[in-house]
Amino acid sequence: MDETRKRSHTYGDDELPPPIERIPVLRWLKENLFSSWFNAILTVVFTVFIVVLLLGLGKWALGARWEVIPANLKLLLVGTYPLEDIWRIWTTLYLISFLVGSAGGSRGGLMRQISMTIAIVSVVLAILPFGLMTRGWILGMGASTGIGFLLGHFGKRFRRYKHIEIGLWVLSLPVTIMLVNGISGLLPVVEGRNSWGLMLNIIGAIVGIALSFPIGILLALGRRSELPAIRLICTAYIEIIRGVPLITLLFMASIMLQLLLPSNVRPDLLIRAMMTITAFEAAYMAENVRGGLQAIPKGQYEAANAVGLNKLLTTTLIIMPQALRLVIPAIVGQFISLFMDTTLFGFIAILELLHISRSIMGNVQWRGTIFELYVFIGVVFWLACYSMSYISRRIEKSLGVGER
Amino acid sequence: MSTNNNEGIIILRDVHKWYGDFHVLRGVSFSMHTGEVLVICGPSGSGKSTCIRTINRLEDHQKGQIIVDGIELTNDLRNIEAIRRDVGMVFQQFNLFPHLTVLQNVSLAPFWVLKMKKSKAEEIALQLLERVGIPDQADKYPGQLSGGQQQRVAIARALAMSPKIMLFDEPTSALDPEMIKEVLDVMKELARSGMTMIVVTHEMGFAREVADRIIFFDYGQIVEENTPEDFFHNPQHERTKLFLSQILDY
Amino acid sequence: MSTNNNEGIIILRDVHKWYGDFHVLRGVSFSMHTGEVLVICGPSGSGKSTCIRTINRLEDHQKGQIIVDGIELTNDLRNIEAIRRDVGMVFQQFNLFPHLTVLQNVSLAPFWVLKMKKSKAEEIALQLLERVGIPDQADKYPGQLSGGQQQRVAIARALAMSPKIMLFDEPTSALDPEMIKEVLDVMKELARSGMTMIVVTHEMGFAREVADRIIFFDYGQIVEENTPEDFFHNPQHERTKLFLSQILDY
Amino acid sequence: MAKKVASSHSIPFWRDIRVLRVIAQVVFLALIAAGIWWLFNNLQYNLQASGLKIGFRFLKNTAGFPISEGLHYSPTDVNGYAFFVGIVNTLKVSAIGIVIATLLGVIIGISRLSSNWLVKKIAGVYVEVIRNIPLLVQLFFWYFAVMLTALPLVKNSIHLPGAIYLTRRGVYMPWAIPTDSFGTWAWYILGGLIVGAGVYMFRRTQLKRAERPGFPIIWAGTVFILILAAGWFITPGNPLKLTIPVLNKFNFTGGLSLSTSFTALLLGLSVYTAAFIAEIVRAGIQAISKGQTEAASAVGLSKVQILRLVILPQALRVIIPPLASQYLNLTKNSSLAILIGYYDLMNVGTTIFNQTGRAVEMILLIMASYLTMSLLTSLAMNYYNKRMKLVER
Amino acid sequence: QTLQTILDRGYLIVGTNAVLPGFGYLDTTTGEYSGFDVDYGRAIAAAIGVDVKFIPLTAGERLTALQTGQIDVLLRNTTWTLTRDSMDLGLNFCPTTFYDGQGFIVRKAEGINSVDDLDGATVCVTSGTTTEGNLADVFRAHGLSLKTQVFADTEASFGAYDAGSCDAYTSDKSQLASLRTTAKVPADNVILPDTISKEPLGPVVRHGDDQWFDIVKWTVFATFFAEEHGITQANVATFESDNPSVRRFLGKEGGMGAKLGLSEDWAVNVIKAVGNYGEIYERNLGPNGLDIPRAGSLNALWTDGGLIYCPAWR
Ligand SMILES: Nc1ncnc2c1ncn2[C@@H]1O[C@H](COP(=O)(O)OP(=O)(O)OP(=O)(O)O)[C@@H](O)[C@H]1O
Ligand SMILES: Nc1ncnc2c1ncn2[C@@H]1O[C@H](COP(=O)(O)OP(=O)(O)OP(=O)(O)O)[C@@H](O)[C@H]1O
Ligand SMILES: [Mg+2]
Ligand SMILES: [Mg+2]
């Protein structure tokens, strides 16, 4: 583009800036709200509707018993996680915010914005009237992001730094789970099934995605295999899983799965639920990945073959990187729905966020706070899911999907 | 209709191929010497692409014999690998790897297939980019290049495996008119340097100037095989004449 | 640099257009007589397409004047409708309606816009299909035709509204070499019948033979406007010379 | 050099592509079979160890539990029939939900492309909000918060004009039920249909002969309604009787009643699915290349004509397959009914399982029911895709 | 072999209810279980001298959880029925610890006095229990018309009743008493006098391990025995008696522990851990708990006209 500009000056006329509108606001109104009588009517009707809705909501929000949220905040967020062990959760949060900060420092771009957001949010939260301890913990999160950021910023000069960073990211998942869950013998085990709250939803979703991702890729490759037996089996698996509701599979996990395992293997319900959701999501993941694979032109396979790459190299070096890049939005969408699906764990008596909120509603003291609690849960999920899809759109843009 | 030279670097003997019921190649035989430049032309759908794609086994043939550099193309895994190393190919749609830089595109195969050291592979890649005239684009991504530049990268990528034979499948037909010349120039240089080449193209100017022999294809068969002079000024077949009139009219 | 003929069937006066901040057309002025054939050429991205698309207001211009058949193009809806009836357009990518048969594609607008009887519209459509040489394809769907045939249907479709002016935007650049000729032949016939035509094309053979005038575009401006003879043998501008050398070398 | 040429007979099998393929498949199948055999073995062992037996005889036993939704059923009916009632209930809520979700979704989807900024934004907010909150939360919200908390008790129900009552017990509205004379009137319906069809054909041929575009359905519809009205006056007595809900000791009787669970489920599913349908509709319309619109406007078609003649026929092809999978999703999501007390097939299925202890059989039956629905839908979709596929070379 | 598995593992796994105060309840703020069934779980653990771990189960899951060996003993207000006890499901029921019966809770204001007044009413039920069947039976027997709403869990179904979506809620009476305390205004609701079914509740174990069956059975009897003989949590350590049965009970003679494969003082440990039947009842169901009157009910000692009776300790 720069080149274009420069050369264009060869021919006389200078480029002009585009003509400017006189009264942009009026013009905007006319173009966007009152371009025809039908549009004008719509505008009026919807304005009234919005105003009435907002007034009603505002009135209710002012009179609502919001104290139910702070009073039960710990319960909602981490369930009945023992207070004396809560430092373990903070530690994992520190670990992750440190990693995010470090990535922000060493890579910039989107990660930088995310780490900024974490730092700012933690400062803002610390202003809220939590207990002194909690405020300290929260501020610590901002601090660990900052430390990570500085380290990343200066560390990126070292050639190995980014590799180490990726290694740490990969390690962070098992470390988090071990810290939160405990290791028998070393750290007291805190059972997830009845004591994790929102954290259970989050960890469930992350584990689900981390495990279903590789399985999904294999299934997708299997479904596109040129060997009929493999294709058939993978297709059957995917279609059967996608043909039934998740809730029936959870039902099966809670009641029947044990019957399929050897008599000395009796995994905990939470583990069975995770296995189920992984098996379920893998089928959907496979379809997403397959979508990406289908979008890769045949020419890419041919070119890879023609320079002598074998099947394995073609797949790992040429096809997968492109296919996965294409399906980032679909995968994030998948992650979002997986996160939302963890609310179904309540169906098999696992105390996730929604289930816990219902036991709060059952508490005599908090009778009638049903709206407040559901609004809170709705907002929590909405914020999480919306920001994820926002981030995915940003990643998509920064990778230049669909450009070329 | 075809030479039956056993000494050829490429030998096709009565090659047949079907897509389902559709008989694409209907007994193709020809052979080539080292250093020869062969141009294949013919109407669309006549099987030109299919024919040259059987030579590095991007497609398999169902009957007949294809021998490349003394190796017969069969279902033997090792033969196929060996032949792909010997034969470079340049496609109409470039088919560069869009997620890799130009340098990575070119050095990928030497690194992974020939197991060269990375520095060595990149050195070779840079030399080749120089040869095709775009050493300064090494760190860009294909999407940032013009069509002509992309096709030159594709040529460099094929050359990086030091092939004995290069196949070109309509290398200029997806290019803007202005860019065709830059690619043809590179190919001309390559031909002069003694590379054995098969080129499917409609660029008759190029054929006239560079080809040692021209093959005219129709309905999966070789209709005419001739030297450029005779091909253009003294075509043997009616079909060839008709084709030439259409192509050269404007 | 441009004729300022008030009697022209198409008159552009200092037309400017921006895409956001990007100045695509930077003061384009020319005019055409009835029956004239104008060829526009120039490098990719120079604004050729944009320029002819402003003429039937597929794009609006932001400064200057465009007058077609005595009607000035403004935001007035009625003017736009009138002009679209007078101006037929053929696109590079054909843009046929894939869900309709060839006959329906051609008779659609006469039936719905001119409110002709169906039989009348179809009769006209068949005549036009005959004129472009494919009367026997009437009941096929566009997807079943070759590129050249599709483009001929597109021409018939544009002609069905009996336009006074035809615009062609690189009508042959998506075609195989053999099919280019069949489309160019149809266009040549059209030009001979006295149709006013603007053709964006790189087919220099066609330009030489058919054009009354050639305009060379670069960076949103007319660089050179000339008769075909002078354009090819005696170009005025360096830029034109460079362009021609690249296009005509092989 | 010719001697170097390896002949095809001497390929060692471990390098022969054809042999390798067969081996790979055999190994894969063997692994899968071993896995399944292992699971099956465990199942058999576990069943034996816990003294369970597999069999479907229990479906013939008396169910013994009540279902108060859907087909006529009494606790003395057999389990198999109870399950069938559940299936019908699932289909009922799904079918109505699909209709509502489609209407709502299409309106919102088109609104997202509206030229009115406000309408566009509201539609956008709807989609973004609804899609990012779990369906279960929304169902609970509709059921516990709206239906069971915000709506009043039966005694002081919200009375909408037209004798519609909204209460915590459900929604009650007037409904027409056939009387004795309905049988006579039914003939007029039949007659109206036949005559209407005749008029439609006649008008269509007429239009065709005149070679004009037009809408024969309007004519046919008018005739149909006229005949119905005539029949209403001619037949003695009213063929349909209006029953209006009346408050009794516990509840309203008469009229049409929609249970709370049903209403909440219907609302939740439709509102949720509509957001996805809206996106499909929008994407479908946007998928039609700009070239099509340009070509159509270049030949002088008006905006409405472009939409009707060029965009919609093409967009529908893009829209319908994902739409079908949304319909399927809605049906599968209706299994959440169990959490808000609607008697769908999942709910009845688990009840049967609880009564009889037949875990394996019931889970298999439930899954098989949903799978059948999915398979039928995808069969229909494949048929549709094949029929609607644009003709290509 | 169940006993050996438990000893190897080091703890007993008990399936229980988490949302039924008085019987099995998980306090979500402390993470502690409490209740009548929970105490029996602790008693069994004490008998074999191991820790105990509770697993909350839904009504639907509970039987398979036991059948598949996920839990060692089920203590989740499970009714003893022929079907469940038969070969068909492969379970064994231990002695009944609580005699319950199904009843109805209704709103006082409705003026309902007996089941017959419920004609045409909508009744809320929790699925996965014997309740649905009993309900259908009784309405059929009385020739009443019935409308039900079924939910997967108690919170939902009682919540729906409490919100006014149903006219009545039906469940075991003990459960009704427990739920009434969580109603919006407990005093506005009454439990009807009718008892429409037999609901004997007790521990359940798998078929096929008689030793384990005996241990659980006799742990329950031990609590009965202790109450019959006035042995309490407070005095068990120092309890002295000449009664041979009691001496055998205290492990002072007779080798009763060995016969079950347990230590000799196992019964003492049980009482030390949870007390005798009366104490367990008092703690969970007495005036400080759910307040279900014991005197005169089937849950009184046999000597007081109830059914709580311990076989001979010899
Ligand atoms: N995978 C395939 N399956 C079925 N038919 C095919 C396939 N690939 C190509 N064909 C058909 O084989 C014939 C020859 O194709 P090929 O691509 O070799 O022609 P070509 O001479 O290269 O034409 P072009 O100049 O258009 O590239 C064509 O008719 C084509 O439709
Ligand atoms: N909708 C648009 N928004 C922004 N820029 C555009 C748009 N359409 C075209 N352009 C830019 O305007 C310039 C002129 O485009 P135009 O299509 O008129 O070029 P052209 O001369 O027809 O080129 P070609 O030979 O490639 O068709 C190009 O740089 C193009 O990138
Ligand atoms: Mg080809
Ligand atoms: Mg253009």
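Residue numbers (the working numbering), protein chains in the order written: chain A, 21 to 424; chain B, 960 to 1209; chain C, 960 to 1209; chain D, 12 to 404; chain E, 12 to 325.
Beta carbons are placed, not taken as given, at the ideal position from N, Cα and C, and that holds for glycine.
Being a predicted model, the structure only gives us computed values, none of them experimental.
Exposure of residue i, with buried meaning 16 or more beta-carbon neighbours within 10 Å
i	result
tyrosine 394 of chain D	exposed
serine 377 of chain A	buried
threonine 1013 of chain B	buried
valine 30 of chain E	buried
proline 90 of chain A	exposed
valine 983 of chain C	buried
threonine 63 of chain A	buried
proline 282 of chain A	exposed
valine 45 of chain A	exposed
Spatial distance of residue i from residue j (CA atoms)
i	j	result
tyrosine 353 of chain D	alanine 41 of chain D	44 Å
asparagine 365 of chain D	isoleucine 121 of chain D	47 Å
isoleucine 968 of chain B	serine 1008 of chain B	19 Å
alanine 323 of chain E	aspartate 111 of chain E	25 Å
asparagine 963 of chain C	phenylalanine 1056 of chain C	Bear in mind that a pLDDT of 41 at asparagine 963 of chain C, under 50, signals an unreliable position, so the number given afterwards is only what the model happens to contain. If you take the alpha carbons of asparagine 963 of chain C and phenylalanine 1056 of chain C, they lie about 39 Å apart.
threonine 141 of chain E	threonine 90 of chain E	8 Å
leucine 199 of chain A	leucine 206 of chain A	10 Å
phenylalanine 391 of chain A	proline 163 of chain D	16 Å
leucine 86 of chain E	arginine 258 of chain E	29 Å
phenylalanine 261 of chain D	valine 126 of chain E	14 Å
glycine 78 of chain A	alanine 84 of chain A	10 Å
Cβ-heavy atom distance, residue i to ligand 2, below 8 Å
i	result
phenylalanine 1176 of chain C	yes
Contact test: residue i Cβ vs ligand 1 heavy atom, cutoff 8 Å
i	result
valine 1159 of chain B	yes
glutamate 246 of chain A	no
aspartate 910 of chain B	Nothing about residue 910 of chain B can be read from this structure; chain B reaches only from 960 to 1209.
phenylalanine 1202 of chain B	no
aspartate 1135 of chain C	yes
glycine 1001 of chain B	yes
glutamate 1129 of chain B	yes
glycine 1179 of chain B	yes
phenylalanine 95 of chain D	no
phenylalanine 981 of chain B	yes
Residue-level contact to chain H via CB, residue i, 9 Å cutoff
i	result
isoleucine 368 of chain A	No chain H is present in this structure, whose protein chains are A, B, C, D and E.
Quick check: the segment 1139–1159 of chain B against the segment 1178–1188 of chain B, are at least 3 beta-carbon pairs closer than 8 Å? Segments in contact, no.
Below 5 Å from a heavy atom of ligand 2 - residues by beta-carbon: In chain order, the residues with a C-beta atom nearer than 5 Å to some heavy atom of ligand 2 are C/Tyr978, C/Val983, C/Ser1003, C/Gly1004, C/Ser1005, C/Gly1006, C/Lys1007, C/Ser1008, C/Thr1009.
Per the contact definition of three or more C-beta pairs closer than 8 Å, is the segment 341–352 of chain D in contact with the segment 150–164 of chain D? Note that the segment 150–164 of chain D touches the segment 341–352 of chain D; at least 3 beta-carbon pairs, one per stretch, sit closer than 8 Å.
Three or more C-beta pairs below 8 Å linking the segment 1074–1093 of chain B and the segment 1107–1115 of chain B: Yes, they touch.
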